[in-house]
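**Student:** Residue numbers (my numbering), protein chains in the order written: chain A, 1 to 270; chain B, 1001 to 1848; chain C, 2001 to 2304.
All C-beta atoms, glycine included, are put in the ideal place defined by N, C-alpha and C.
All values reported here derive from a predicted model rather than from experimental measurement.
(1) State buried or exposed for residue 1437 of chain B, treating a residue as buried only when at least 16 other CB atoms are found within 10 Å of its CB.
(2) Could you please tell me which residues of the region 1737 to 1753 of chain B, in chain order, have their CB closer than 8 Å to any CB of chain A?
(3) Determine the chain C residues that contact residue 83 of chain A at a beta-carbon separation under 7 Å, and present them in chain order.
(4) Which bits of chain A does residue 2218 of chain C rub up against, with CB to CB less than 7 Å?
(5) So, helix, strand or coil for residue 1691 of chain B, using DSSP?
(6) Would a check of beta-carbon distances place residue 1762 of chain B closer than 8 Å to chain A?
(7) Check whether chain A comes within 8 Å of residue 2157 of chain C, counting only Cβ atoms and requiring the distance to be less than that.
(8) Looking at the unbroken beta strand (DSSP E) that takes in residue 1791 of chain B, where does it start and where does it end?
(9) Just confirm the distance between the C-beta atoms of residue 1094 of chain B and residue 1106 of chain B, as a whole number of angstroms; I'd bet it's less than 8 Å.
(10) Does the CB of residue 150 of chain A have a neighbour CB from chain C at under 8 Å?
(11) For a contact defined as C-beta to C-beta under 8 Å, what are the partners of residue 232 of chain A on chain C?
(12) Using a Cβ-Cβ cutoff of less than 6 Å, which residues in the same chain neighbour residue 1428 of chain B once the five nearest sequence positions on both sides are dropped?
(13) Determine the closest residue to residue 1197 of chain B out of B:1209, B:1071 and B:1288, with distance taken between C-alpha atoms.
(14) Taking 8 Å as the CB-CB limit, is residue 44 of chain A close to chain B?
(15) Measure the alpha-carbon distance for residue 1278 of chain B versus residue 1289 of chain B and round it to whole angstroms.
(16) Grab the span of the beta strand (DSSP E) containing residue 110 of chain A for me, first residue to last.
(17) Identify the continuous alpha helix (DSSP H) that holds residue 1602 of chain B and give its terminal residues.
(18) Contact between the region 2202 to 2217 of chain C and the region 2064 to 2075 of chain C: three or more CB pairs below 8 Å?
(19) Can you tell which of A:79, A:151 and A:11 has its C-alpha closest to the C-alpha of residue 214 of chain A?
(20) Specify whether the region 1511 to 1528 of chain B and the region 1439 to 1448 of chain B touch according to this definition: at least 3 beta carbon pairs, one from each stretch, less than 8 Å apart.
(21) For residue 1008 of chain B, which of helix, strand or coil comes out of DSSP?
(22) What in chain A is Cβ-close to residue 2183 of chain C, meaning under 8 Å?
(23) Quick one: does residue 1726 of chain B have its CB under 8 Å from some CB of chain A?
(24) Counting along the chain, where does the beta strand (DSSP E) carrying residue 1748 of chain B start and finish?
(25) Would you check if there are 3 or more beta carbon pairs closer than 8 Å linking the region 1229 to 1242 of chain B to the region 1071 to 1089 of chain B?
(26) Grouping DSSP H, G and I as helix and E and B as strand, with all else coil, what is residue 1709 of chain B?
(27) Assuming residue 1836 of chain B is part of the beta strand (DSSP E), what are its boundary residues?
(28) Using CA atoms only, rank isn't needed, just tell me which of B:1115, B:1082 and B:1120 is closest to residue 1091 of chain B.
(29) Rounded to whole angstroms, what's the CA-CA distance from residue 130 of chain A to residue 140 of chain A? Just pull it up for me.
(30) Establish whether the CB of residue 1030 of chain B and some CB of chain A are separated by less than 8 Å.
(31) Assign residue 1359 of chain B to buried or exposed, taking buried as 16 or more other Cβ atoms, counted over all protein chains shown, within 10 Å of its Cβ.
(32) Please return the same chain residues whose Cβ sits closer than 6 Å to the Cβ of residue 3 of chain A, not counting the five positions on each side in sequence.
(33) What do you get for residue 1792 of chain B, buried or exposed, if any count of 16 or more other CB atoms within 10 angstroms of its CB means buried?
(34) Is there a Cβ of chain A sitting closer than 8 Å to that of residue 1013 of chain B, yes or no?
(35) Could you give the distance in angstroms between the alpha-carbon of residue 1457 of chain B and the alpha-carbon of residue 1511 of chain B?
(36) Tell me the rounded alpha-carbon separation between residue 1247 of chain B and residue 148 of chain A.
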């Protein structure tokens, strides 16, 4: 079966955040607890997360925010260059997934449709997957004691539906489907944009982290959108760091052998 | 061209279509707006203009177009404009333009408060001899009063013809003037003009999109008209891809206007009986309202009106009692939102129902409006949550600051829980007049009930209470035709068994024959003899036969999708679509083919004869014209309605069948759109001596102080607007954590230039002040905002989204504490899009 | 600014950094002890015994720390049987998974070595434990010393590899050096712990003291060298380690107090060949504290 994935065409994202809300609605996610505080005279908690960073108040992905729309204002002083870029970000369902590689308990698994998801009943909350993700996707939730992230709507896609975010996206910026089909669409759209003069347009995710099942069309360099240009899957470096460590261990062992060799006796004997 | 609208943010779902046009068909999108918004971000071109200078910009476009080479050489434009608009029509020689009177039209009253349109009229030929001598019906009475045809000069050379008047009116609206008034670079203006010109004509059409960015001005109606003028001159009306798209509020603002929640209209845009007009008897009402319009399709006004009254009182409405007309309420003045609150403040309004509204946050000069609420005897608020309006008496800013004590407020507030949309069946009518049914998914919780449940049960209770009354004045309630009892099958799966039948309601709106209760397939079936019932004639056809609800149909295609829902009137999606064909009835071009005359097509007339020739629309689009009227048909001079209109009069709702470049009637502030400064402006009108709309509505009452022109205390322009993340006053969004966290707090968009001048830092608090109040907001310092240079002077503009109040999970100051009661004279919409203020760094402090 | 990197795991210093430290001391002590045993340096038998006495009790603390930091402590056993009881699981791409198994094996071996010492000293009273000892004594002690030594190194080093195998800027930026750093740090702290315990019991022979110092000094110099290399490799990513509280802990605590001061003290005392007991105790305490600061600084700075 072909891997399922999403193609996020940021050139037609209007920054409406419907994807963020649809995601929370379908997946039963609450408001992010850190965004709310008690207020005198009110029985409920009131939002206090104004950021001042363009229209982005949720700031990043978290255990309750599986989607996050970035707002990038690119204006020079006389406004002759004026651009406001939007891009909806989520788990990329990497083919070489740092989180999955790091998980010690097989709580993070890949399904037959290629999506990577966290088995909540297995996760022990060691949090090691969190720093292992080069995209800062997976996060810990104090309330469940486990980690959470986008599942690519595992329940929906295994029942013939697309993801909730793609369903809610009013402009088709988030498209769900078979990865090869989506790649064809992405290629065609890139050609179209290049023709219209978007020289910096690029597709992000064909090669990164072994290929991303959720990939992007950006109008500017990936860093502009907060994505590492060359994401390194941490485990790719495992052999080297292990080797250096083993070498150090051998050196220490040799050092010990030398330091504790029974020279005292030799000295004393004559 | 998107102007006066932030479509991507405020109509995000509809915005998929312009974007699709851009990505799939190479359409050019342009956004003309003071701010760089999410809409600007998606467009090919953003043209910044100072707020409320739209008429200068549009007038500039008009002037540019009619002086351009393309417009004067491509015969398409002449053919369209001469035949389909009133460009050639001759106007009363006594008419004086704003160019002659320095910003005023002829006819202004002595006190300067109102215009008389006597000099704005057409020159006419003598009236024809009436075809009937003894009038029996209302139609006969109309036939006795048919006016002479308007005079015209198709060469457009006569100095009194509309085209020449128009040309003179906009003579000074040059690119240089646009730059001076709007503060927008000349080159960008010319780019817009050239783009529109080059994308209009036989093969191409351009569309203009607007929303409340145009309406909420003291010249709101005129701004929209100005766009109409431009589109008429470019031949973009009645044709696919053309037109002016008025983005109505979601989800069914269009529907609520159609079914007339507005005080001055009856369903289907009939006028409300009015004590100030000659509406004394039913005959007076009919003649007063329909005589000026009878040579249009409105010649059928009597049929629509009688069927409406029949729907109100059913069997009790008879010819003998004028269908109950005398029992119908009449208006006595302007009862729209703003004057209603002034009346409330003055103790003239005792009780108030608030359903789906939150004036304590959304009302202009909200502090004034909240104080007016305190003068009521009682108020019923039906909503999902305890809104600011429901809670005003206990924790409003006035109460918290000690200015008002809850103990002193006598208003008794009843708060009733309302059902949400998915908890009730009904229909939405969207911005393109498309009616779509929605299902009830689940019962509302506990005591929450739908709007129709509440209204229906209230009506039933009232009828019961008045059933024994012997007062004649209680006749309308006693005889109210009020039967929407559900069939058992409609409520079978739900807990709530007394939910009224949405089907029965829609059937009444659609109309049916009184005797056998059969639904009417079209409004052509309506009668003025009391044999038909119709709640709103424009909806006729949505239920063409018993059990068929076209609002439920869901057949989509790649284009007009006539099988999706039902677009009033008669499933016509593009109004006046006769204009999509040329004089001879041929399509203007293959590419823009929609409705055209097929001379060979055989048509059976109702009496069984077969005639040749018919208008056809292969797409399935409804034809907004009499289908068998040949393009060469010459209208009868002594007829009414379709009989009077000729085969080349596409604008069938206009009494001359033409699109109006010049409005001889219907507007109270002039026949041509003219640049006036907003009521509060930091600059003097650069175009005329007349500063602002001379007949704008103002309320010089305590608590509603106005700023002076170029007031040194309030030198900054402020616009209020909405965001995608919240809906209006936030009742549907601010209580939801998911949405509250997306936009948690009020912020003020401010340019780095102004922020530096005032020492305001991003994300820190700042205070915005007017003579009405002060609010604090977090500063959002962004280059998306910019200062404008107007006539060599720098003018700063700030922006405030107004969604927040003191209740809910996202709370902030009420922005409308700043705004003021002032309104457009035609429709009494406020001027929330532009007024003046001052700003400083820091929190509000002290009394607001 | 926009996050270009991964999120922090929010590990608590008093669990994870402390585990890294205690595990390191235990493992360091154990592999010194077991190497001496394996190489048959009978003269330093007391060193071995001291090492075993230290290694096992310390490693007993660590599961408590590790489990306490879990979001779902009651599920810790998933680390070994993830698909339900009976199905043993290890993820070879996860240092955490492999390290957990190493810790398990190491704990067992250090327990057996500990038993040996107790029996040797005639301090084993419990009959059940005696039985266990008898059972395992069928194998030469050197077998589990060898296994324990290997896994001791593993436990000392894998924590560093674990940090390097992430996308956190500091931890990834210092790749591949934290593993090596933790190995040498474990070695110096292991030696220091042995010295400290022996000195406190006044059982530190001058020769032994000298040998321990001979071992410690190059190791500490190597540690300094690795730190320099690591910082050079990390470049701007090392900023969190050199600034703020982490900077104070790292530069002041780990480098100055933990390495430079002990080295200085030992060099100053060189004249008299080795430090006296009191001096050894103080120097060892500095080394141990410095190593704790090193772990805390690295773990916390990597999460800031």
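**Tutor:** Checking against the coordinates, here is how it stands:
(1) Residue mapping note: residue 1437 of chain B aligns to position 437 of the second chain, counting from 1. By the C-beta density criterion, residue 1437 of chain B is buried, having at least 16 other C-beta atoms within 10 angstroms.
(2) Sequence-ordered contacts of the region 1737 to 1753 of chain B with chain A read 1737, 1738, 1739, 1740, 1741, 1742, 1743, 1744, 1745 and 1747 [C-beta pairs closer than 8 Å].
(3) By 1-based counting over the first chain, the position of residue 83 of chain A is 83. Listed along chain C, no residue sits closer than 7 Å to residue 83 of chain A by beta-carbon distance, the nearest being about 16 Å off.
(4) What you label residue 2218 of chain C is simply residue 218 of the third chain in a count that begins at 1. Residue 2218 of chain C reaches chain A at 255, counting residues in chain order whose Cβ is nearer than 7 Å.
(5) The residue given as residue 1691 of chain B occupies position 691 in the second chain. Coil, per DSSP.
(6) For the purposes of this step, residue 1762 of chain B is taken as residue 762 along the second chain, with counting starting at 1. Nearest CB-CB separation between residue 1762 of chain B and chain A: below the 8 Å threshold.
(7) The count along the third chain starts at 1 and reaches residue 2157 of chain C at position 157. Interface residue, yes.
(8) To locate residue 1791 of chain B, count along the second chain from 1; it is residue 791. Per DSSP, residue 1791 of chain B is not a residue of any beta strand (DSSP E), being assigned neither H nor E.
(9) Residue numbering aside, residue 1094 of chain B sits at position 94 when the second chain is read from its first letter. Residue numbering aside, residue 1106 of chain B sits at position 106 when the second chain is read from its first letter. Yes, residue 1094 of chain B and residue 1106 of chain B are in contact; Cβ-Cβ is about 7 Å, under 8 Å.
(10) On the first chain, position 150 is the one that residue 150 of chain A refers to. Residue-level contact check: residue 150 of chain A does not touch chain C, since none of the beta carbons of chain C fall below 8 Å from its beta carbon.
(11) The residue you call residue 232 of chain A lines up with position 232 of the first chain. Result: 2167 and 2172.
(12) What you label residue 1428 of chain B is simply residue 428 of the second chain in a count that begins at 1. Setting aside the 5 residues that flank it on each side, residue 1428 of chain B is surrounded in the same chain by 1251, 1252 and 1436, each with a C-beta closer than 6 Å to its C-beta; the list follows chain order.
(13) Taking the second chain and counting its residues from 1, the one referred to as residue 1197 of chain B is at position 197. Of all alpha-carbon atoms in B:1209, B:1071 and B:1288, the one lying nearest the alpha-carbon of residue 1197 of chain B is that of B:1071.
(14) If you number the first chain from 1, residue 44 of chain A lands on position 44. Cβ-Cβ to chain B under 8 Å: yes for residue 44 of chain A.
(15) Looking up residue 1278 of chain B in the second chain gives position 278. Looking up residue 1289 of chain B in the second chain gives position 289. For the pair residue 1278 of chain B and residue 1289 of chain B, the Cα-to-Cα distance works out to about 9 Å.
(16) In the first chain, residue 110 of chain A corresponds to position 110, counting from 1. In the DSSP assignment, residue 110 of chain A falls within the unbroken beta strand (DSSP E) covering 108 to 110.
(17) Position 602 of the second chain, counted from the first residue, corresponds to residue 1602 of chain B. In the DSSP assignment, residue 1602 of chain B falls outside any alpha helix (DSSP H) and lies within the beta strand (DSSP E) extending over 1596 to 1604.
(18) The region 2064 to 2075 of chain C and the region 2202 to 2217 of chain C do not touch, with fewer than three beta-carbon pairs separated by less than 8 Å.
(19) By one-based count along the first chain, residue 214 of chain A stands at place 214. Answer by Cα proximity: A:151.
(20) No, the region 1511 to 1528 of chain B is not in contact with the region 1439 to 1448 of chain B.
(21) On the second chain, position 8 is the one that residue 1008 of chain B refers to. Helix at residue 1008 of chain B.
(22) Translated into positions along the third chain, residue 2183 of chain C becomes position 183. Residues of chain A passing the Cβ test: 245, 248, 249 and 252.
(23) Position 726 of the second chain, counted from the first residue, corresponds to residue 1726 of chain B. Interface flag for residue 1726 of chain B against chain A is unset, since no Cβ pair is found closer than 8 Å.
(24) Position 748 of the second chain, counted from the start, is the residue given in the question as residue 1748 of chain B. Segment 1747 to 1750, the beta strand (DSSP E) holding residue 1748 of chain B.
(25) Output reads yes: the region 1071 to 1089 of chain B touches the region 1229 to 1242 of chain B.
(26) Here residue 1709 of chain B corresponds to residue number 709 of the second chain, with the count starting at 1. It is coil, neither helix nor strand.
(27) Taking the second chain and counting its residues from 1, the one referred to as residue 1836 of chain B is at position 836. That run of the beta strand (DSSP E) goes 1835 to 1841.
(28) Against the second chain, residue 1091 of chain B aligns to sequence position 91. The shortest Cα separation from residue 1091 of chain B among B:1115, B:1082 and B:1120 belongs to B:1120.
(29) Taking the first chain and counting its residues from 1, one reaches residue 130 of chain A at position 130. Taking the first chain and counting its residues from 1, one reaches residue 140 of chain A at position 140. Between the C-alpha atoms of residue 130 of chain A and residue 140 of chain A there is a straight-line separation of about 8 Å.
(30) As a position in the second chain, residue 1030 of chain B is number 30, starting the count at 1. With 8 Å as the cut-off, residue 1030 of chain B does not count as an interface residue toward chain A.
(31) Residue numbering aside, residue 1359 of chain B sits at position 359 when the second chain is read from its first letter. Buried.
(32) In the first chain, counting from the first residue as 1, residue 3 of chain A sits at position 3. Excluding five sequence positions before and after residue 3 of chain A, the CB atoms of its chain that fall closer than 6 Å to its own CB belong to 114, 179 and 213, given in chain order.
(33) Here residue 1792 of chain B is taken as the residue at index 792 of the second chain, counted from 1. Exposed is the call here.
(34) Translated into the one-based positions of the second chain, residue 1013 of chain B becomes position 13. Closer than 8 Å to some Cβ of chain A, the Cβ of residue 1013 of chain B qualifies, so yes.
(35) By one-based count along the second chain, residue 1457 of chain B stands at place 457. By one-based count along the second chain, residue 1511 of chain B stands at place 511. Those two C-alpha atoms are separated by around 23 Å.
(36) One-based indexing of the second chain puts residue 1247 of chain B at position 247. One-based indexing of the first chain puts residue 148 of chain A at position 148. Inter-residue distance for residue 1247 of chain B and residue 148 of chain A is about 40 Å (C-alpha atoms, whole angstroms).
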